[in-house]
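Have a look at the structure below before the remarks.
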Amino acid sequence: MDVNIRIAGEAGQGLLTTGDLLVGAFSSMGLHTFASKSYMSRIRGGLNWFDIRIADSELFAPRERADLLVALSEPAIEILSQTLTDDAMVLVDGEEAQEAAPPEAMAVDLTAAAKDAGGKPMMANTVAAGIVFALLGYDADSLDAYVRKQFARMGEELAGQNAACARKGAELAGDRAGRIQAPRPADAPAFVTDGASAAGLSAAVAGVKFATAYPMTPSTATFQYLAKVADKYGIVVEQAEDEIAAINMGCGATYAGAPAMTTTSGGGFALMTEGLSLAGILELPVVILLAQRPGPATGLPTRTAQQDFRFAQFAGHGEFPRAIYAPGTQKQTYELVRKALADAHQAQTPTIVLTDQFLQDAQKNIEPLGDEPDPIDRHIATDAGADYRRYAVTKSGVSPRAIPGGEAFVRCDSDEHTEEGIISEDLAGHLAQQDKRMRKADVLAETVLEPELYPADAADAETLLVCWGSTYGPCREAVDVLREQGGSAAMLHIAQLVPLPAEPIARHLKNRMRVVCVEGNCTGQLAAWLSESGLIGECETVLRYDGLCFTAEYILERID
Amino acid sequence: MDVNIRIAGEAGQGLLTTGDLLVGAFSSMGLHTFASKSYMSRIRGGLNWFDIRIADSELFAPRERADLLVALSEPAIEILSQTLTDDAMVLVDGEEAQEAAPPEAMAVDLTAAAKDAGGKPMMANTVAAGIVFALLGYDADSLDAYVRKQFARMGEELAGQNAACARKGAELAGDRAGRIQAPRPADAPAFVTDGASAAGLSAAVAGVKFATAYPMTPSTATFQYLAKVADKYGIVVEQAEDEIAAINMGCGATYAGAPAMTTTSGGGFALMTEGLSLAGILELPVVILLAQRPGPATGLPTRTAQQDFRFAQFAGHGEFPRAIYAPGTQKQTYELVRKALADAHQAQTPTIVLTDQFLQDAQKNIEPLGDEPDPIDRHIATDAGADYRRYAVTKSGVSPRAIPGGEAFVRCDSDEHTEEGIISEDLAGHLAQQDKRMRKADVLAETVLEPELYPADAADAETLLVCWGSTYGPCREAVDVLREQGGSAAMLHIAQLVPLPAEPIARHLKNRMRVVCVEGNCTGQLAAWLSESGLIGECETVLRYDGLCFTAEYILERID
Amino acid sequence: MSVIQTIAKADSHPSWCPGCGNFPILKAVNETLDAAGIDRRKLVLVSGIGQAAKLPFFVDKPANLFDGLHGRAMPAATGIKLTNHTLTVLVTSGDGDMYGEGGNHLLHAMRRNIGVKAFVHNNQVYGLTKGQASPTSEMGFETKAQPHGVMSLPMNPLAMAICEDCSFVARTFSGDAEHMKRMMRAALDTDGFALLDILQPCVSFNRVNTFKWYKDRVRPIGDDHDPADRDAALKLAFTWGDEIPIGIYYCSERPSFESKLDVLKDRPLVEL
Amino acid sequence: MSVIQTIAKADSHPSWCPGCGNFPILKAVNETLDAAGIDRRKLVLVSGIGQAAKLPFFVDKPANLFDGLHGRAMPAATGIKLTNHTLTVLVTSGDGDMYGEGGNHLLHAMRRNIGVKAFVHNNQVYGLTKGQASPTSEMGFETKAQPHGVMSLPMNPLAMAICEDCSFVARTFSGDAEHMKRMMRAALDTDGFALLDILQPCVSFNRVNTFKWYKDRVRPIGDDHDPADRDAALKLAFTWGDEIPIGIYYCSERPSFESKLDVLKDRPLVEL
Ligand SMILES: Cc1ncc(C[n+]2csc(CCOP(=O)(O)OP(=O)(O)O)c2C)c(N)n1
Ligand SMILES: Cc1ncc(C[n+]2csc(CCOP(=O)(O)OP(=O)(O)O)c2C)c(N)n1
Ligand code: SF4
Ligand code: SF4
Ligand SMILES: [Mg+2]
Ligand SMILES: [Mg+2]
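Taken in sequence, the protein lines are chains A, B, C and D.
Here the first sequence is numbered in the numbering used here, starting from 1 and rising by one per residue.
Here the second sequence is numbered in the numbering used here, starting from 1001 and rising by one per residue.
Here the third sequence is numbered in the numbering used here, starting from 2001 and rising by one per residue.
Here the fourth sequence is numbered in the numbering used here, starting from 3001 and rising by one per residue.
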């Protein structure tokens, strides 16, 4: 039992305010909530929407059709009224929107209502929330309480006005109250996060001390999250003049001993590839959060995609080991940013976390993520002396890591070098260093994350949907539907793509009647990687690359 | 029957002058010649060498051991005397070198000899050439004639002095004359070229009008070749402030209608990947010559490698079609730079030619390459009018290409765009454009270059060495040796890697007892690509990544 | 099931915020091109990525356009100009684009003195990415990426241009249409590289350097200023605060890059 | 069969050409570090790629060093300094590295005024890649890549630095050891960012700006020059030709970037 609420209008109309309010309020009631954003690359105008799904059991993805459309502009009505379920309700604000609305739509002048209730015009958002609450049959008290708490720090007066507006909304719903059959509050946690914040929080908690980036959608939210919490965690957050500077600053910072992260999207990542190679030869634990969006080039800046995995896999000239992670949920984003930092420090090599616009922006209420500092091990050798050799050849390939400022002299060089880190053209030495560096791929492999089979006991499900990254949720929900319908289906989600956990994947792929790779790109990048790794031959795919995220419906339609 | 002459010493000692003189003289006599360079990343000092192989039949590769070492420095003796055949001769110049030389070495003061002969000190090189000629038993007259012709443009006096020095050298050989058994002159052509020049000449002939680059070894030689012939062919050659500027200038130039090329090596290519993606979405026929050297990062700037194929394959964010070529010989470099330009213009998408330090520098005498302008078809639609749509959706994916300045307005945009080239966030339009762009992969596939089986009739050879790029020569010679020894071996050389000529490769791979990929990297990049393409499973490899080029010996030692 | 793909209708042009300083700039560009009698078929509008960089899409009459990568308008424009120097090549882009990501290209374009004209919409902020500091943001400017305010000195692009002996260096203000048009025209009439910095309020993200803020400060440069006088020009370039000079700071008689290339003497490269 | 891999023996250090201006620079660096009493364990030498950029490998006493990518010494140095501001971070690199590929970073390092010192070995040529023009090569300078001579105006890094209010801007000459050491010391003693341009003959590829050429032209700046006087400093920066001023052009009292960050007040980032 779930309801999907779509709030739509122009950029600048305050959709996010209404949306955030509702997400918070629903979550505070114990409802399971999943919210996602769809917006255009502009500051005003256009057509944006904010989807909020609520349910009495855990949600993992958005769905395509909405049960309630709150439309604040004409195009919002025109375009999105084709995306509703059969008995959906429509709430419109504004004259233009009203004209375009179907006759049965509920039309309100939200701003007038806010003023009516003694509030300010911008509290129209709270009125809208009040109406939505009532339409769903929820008690106005819960919203009132949440609103008061939320606006408390702005002073009692404002909080009171907002609460009045919320109640005004409930009132306006009139006899439509409860018209939409809504899930009952369950015991879902009140803590809400999106992928971008989960990534930022994870980095802060894991001890990132140096964060630098050049703004680029959809990665900026993580960078700005770090800026916001910088004082609390003691982080230097600096906007770089360009992405090249960002990654090279990161190389400098990790050399000097601070865990460092940089955030970017495809175009910025492209500019970082030379620096990635630098981190490879200098053996620096640089971590890149690559939040994907559709390319090529500028492409669709505010949309979602999973197109840059293979680019990330081979990015940078020359050969060096790396790890690539692709978390599926907000929680896993938190876990894997930490793992990316830990692995990078353990193996002394760069690692990359792939997210995307959908995951960056998607909000969900989950068990609170730890926010106490809990730094990863930097693996710093504190006993290094004057005879220290930064690139000592070892069995594992990992050399003792000292940082400058102590007894040891720390020398590193982007040319091939001796064990001491001094430029050298000795080819035997080069072979020793190259082999040493490549051996670290095994170090990364030792702690590789197992793919997740869902349901965990579906070892003999006939159809296996294989996916990575943010496709987790939609795939999982598709599997639920298939199984409810009596199908024999499961999902295999691969959250660490490099090194590939080949053995467990092979095990999970064995004896399946049907394997389908579900990916947000048009070439089947995971499918190709599995094929290269000898794990599958030609393989069925469900690909989406229109810029929107997957949904269970989208997948189900294509695998029947 | 072949002889390998190794001229070694410090940077700045004029090795190249001696080497070039000998290569020219041998070639002018009809000998088959193959010369390659090994040098350090410095301007003076160190240890460089220049290998010249001569034979009475065509040569394709260097060999590891030398029959004659001309050593101009102490390390040249010490290090390289371990690289000689059993009855090799050694010629040393300079006091230091003399002391380190084996007793049976021939020691000469070349500079004194030059002065003796009435020449200048720098003509010591010509004296050395004279000695080498004599040791090989070749007639001093041929060298004399070649030297006179070569130095003619510097005036009769200098030419005469050089000729005298050459004769002086012959005289100094004394009774050692003819001591080395040398091949008889055959009917090899006098035209000598290296890969770098062949690439440059091809570009000039094919009508490249705009060349821009930022200097980077080993690509610079091609760029400087273009600068040299710029006036003759009417080319604007401009050094860019960085590689990012280079590729973006190339995008601008191709948009405006000029065939354009940029040359770089791995690190510079990394900086170009964002621009590559731009060429992908703008559908511009930008061509990159990527001359490989060992990485990561600065790596070994003057050495050779084949490490950047997969990086090139996936470089650039988002998904778009491209073609990648990897010529095996100087002649094929000439052919494939042209093909890269032609294909790029036909499919309106970027293409990449992979060479490497070995191929860039390797000289060989071959049938003269055409130097008359013979421009490729730019596929420009001259009849485009006011209603022109740059990105018209067509069946092939290729849209009519107009250039600005005529009746048609030419609009292009790095964001996703309408058929008119106007920024658009319409997702249906995006799908249409993305599908259109990707269809061009088929256009590229239509003209894909077949791999070469050597020998051509070796369809049932048991062992197949599979290689790409400059490994052609060493592999081919290894196959010759195996077959001479009664083995059943062949080579499959894949000179176009993307799109992969899968069908013919599959045909050639069928029923082989043994398939070995021979590559200049440590991860087996072609092997992985063949595996991804479903053409082979796990496969044997012979990899070399010490910075030196392959030789037949190296391969043979590893496949027994 | 309906897939929400057709949102073309919502894709209104221009996509700027109401009240944005880009509107008057657009109008001035349209009018200047008309006044200068520039054949739009011989015009290429080049830009990078950003709010300002969308200008080429919004001009009133069709023209050729090349919207490249963020920060890379100058090299693309250089490639276009060298390939066909009979074209008028006009770059319109933002301060982040031209002074931040593209800083190196601007510097070296000035050295070359390529015959491209650049109009930089200087709103002292990153508009399209929602309000981070740009290279010209003032110290103390607070944003979500700079919660403690900008700590770096704003860049001085005009001083830099004067030092590199740029052919034409001027500043104007989007709030003064006539001045803007005069400056744009003068830039277009320049032979070599022309840099025109346009002060432009961003109503959504720059609450400090507002229309009024600029309006209160801009002061046209007096007739007594000699644009050939480098020292005087630099003095103007260092004037920023209570007073901001607008007008032509500096002119230099350097020949354009393309005029020096023998290979372009007879005809443009594209015809060779 | 012998594989030719062990050429370590031939890998002599320093790997510069005999007579190169880098040798006296190296000597001056060694002596200045000694004179300043800098604990080499608290020193990080940072550079990019090029002949000049090899200096860190050749210093007489061991130090920490970071030899990064071509053109990217400044951002790496910035990352190092911000991570541990108790370290002395000294960049030594070439004109191509710092003014060409790295131009944007230099510009923005000045804006930040990060407490890094940069010594730019300005030989007006690309040495390591065998003689192409650099951003400071003079017009008409002929090379294999510029057979018709350089057509762009040489960049004026000192003027640019003065315009961006760089804390310390000076020029010296590798042929004047005492002067060099004085300038190096003054740079090291600067709190914010210091730019020291060092004129350096390249005997292999620059046959125009030779030792004699520089020697005949360099002229120490008189005591009457006030480095706080921007206009006077700019005048010096535009003096190039028969006379080239060496000495401190400009000084500014801006606080360093790192001194403004609250989070660094108590201890360096690396200890947090
Ligand atoms: C390589 C790259 N990095 C970052 C971005 C994201 N980006 C787009 S526009 C922009 C800044 C725009 O600022 P400005 O140039 O001042 O233009 P404005 O929007 O203010 O007019 C940024 C950082 C990008 N598109 N490409
Ligand atoms: C990204 C990249 N581009 C190009 C190169 C090649 N490269 C190495 S050093 C150099 C120029 C060196 O010139 P400069 O900085 O002036 O130093 P110099 O050798 O003259 O001391 C270049 C172009 C490189 N290593 N990396
Ligand atoms: S964000 Fe600022 S610059 Fe962009 S359109 Fe809006 S007001 Fe103009
Ligand atoms: S090439 Fe020039 S800069 Fe490099 S070491 Fe030789 S003389 Fe010095
Ligand atoms: Mg701006
Ligand atoms: Mg230099």
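Every residue, glycine too, gets a C-beta built ideally from N, C-alpha and C.
Computed from a prediction, not measured in an experiment: that's the story for all the values here.
- Straight across, the Cα-Cα distance linking B:Gly1195 with B:Pro1321 is about 26 Å.
- Between B:Asp1067 and B:Asn1004, the C-beta gap is smaller than 9 Å, which places the two residues in contact.
- If only complete runs of 3 or more residues are kept, the stretch 1069-1152 of chain B shows the beta strand (DSSP E) at 1084-1093 and 1106-1108, in order along the chain.
- A:Leu464 sits in a strand when the DSSP states are folded into three classes.
- Measuring C-alpha to C-alpha distances from A:Glu104 to each of A:Met122, A:Tyr39, A:Lys120 and A:Ser81 identifies A:Ser81 as the nearest.
- As a beta-bridge residue in DSSP terms, B:Cys1517 pairs with B:Val1466 and B:Thr1541.
- For A:Pro215, the CB falls within less than 8 Å of some heavy atom of ligand 1.
- Boundaries for D:Trp3240: no alpha helix (DSSP H) harbours it, and the DSSP string shows neither H nor E there.
- For A:Glu452, the enclosing beta strand (DSSP E) begins and ends at Glu452 to Tyr454.
- Residue-level contact by beta carbon fails for A:Cys467 and chain B, as no gap is shorter than 9 Å.
- According to the DSSP assignment, A:Gln496 belongs to the beta strand (DSSP E) that extends over Gln496 to Val498.
- For B:Ala1245, the closest alpha carbon among the candidates C:Gly2071, C:Leu2033 and C:Leu2043 is that of C:Gly2071.
- Legend: CB atoms of the stretch 1230-1248 of chain B lying less than 7 Å from CB atoms of chain D belong to residues Gln1239, Glu1241 and Asp1242.
- For D:Leu3234, the neighbours in chain C by C-beta distance under 8 Å run, in chain order, Cys2163, Asp2231 and Leu2234.
- Under the three-state reduction of DSSP, A:Val443 is assigned to helix.
- Among the residues of chain A, those whose CB is under 7 Å from the CB of C:Tyr2126 are Pro215, following chain order.
- Short note on C:Gln2051: C-beta closer than 8 Å to some heavy atom of ligand 5.
- A:Ala129 sits close to A:Thr18, with the two beta carbons spaced by under 9 Å.
- Taking a contact as a CB-CB distance under 8 Å, the pair B:Ala1495 and B:Ala1326 counts as one, their CB atoms being some 6 Å apart.
- Ranked by how close their Cα comes to the Cα of C:Glu2243, the residues C:Leu2264, C:Pro2220, C:His2225 and C:Leu2261 have C:Pro2220 in first place.
- At least 9 Å separates the beta-carbon of B:Met1216 from that of B:Thr1254.
- In the DSSP assignment, D:Ser3047 falls within the beta strand (DSSP E) that extends over Leu3043 to Ser3047.
- Only those residues of the stretch 30-57 of chain A whose C-beta falls short of 7 Å from the nearest C-beta of chain B are listed: Met40 and Ser41.
- In the structure shown, the three-state DSSP call for B:Val1208 is coil.
- The residue among A:Gly14, A:Leu22 and A:Ile7 with its C-alpha nearest the C-alpha of A:Asn365 is A:Leu22.
- Boundaries around B:Val1192 are those of the beta strand (DSSP E), Val1192 to Asp1194, since no alpha helix (DSSP H) includes it.
- In the three-state reduction of the DSSP assignment, D:Tyr3249 falls in the strand class, which pools E and B.
- For a Cβ distance threshold of 7 Å, nothing in chain A lies close to B:Asn1511: the least Cβ distance comes to about 19 Å.
- Three or more Cβ pairs closer than 8 Å define a contact, and the stretch 3030-3046 of chain D falls short of that threshold against the stretch 2256-2270 of chain C.
- Rounded to the nearest angstrom, the gap between the Cα atoms of C:Trp2016 and A:Arg44 is 7 Å.
- Short note on C:Phe2205: C-beta closer than 8 Å to some heavy atom of ligand 3.
- Neighbours of A:Tyr545 across chain B, judged by C-beta separation under 7 Å: Gln1434.
- Under the DSSP assignment, B:His1493 falls in the beta strand (DSSP E) whose first and last residues are Ala1489 to His1493.
- Ligand 4 approaches D:Leu3128 closely enough that one of its heavy atoms is under 8 Å from the residue's Cβ.
- About 6 Å separates the beta carbon of B:Val1481 from that of B:Leu1556, a gap short enough to meet the 8 Å contact definition.
- In this structure, the alpha-carbon of D:Ala3008 lies about 16 Å from that of B:Gly1299.
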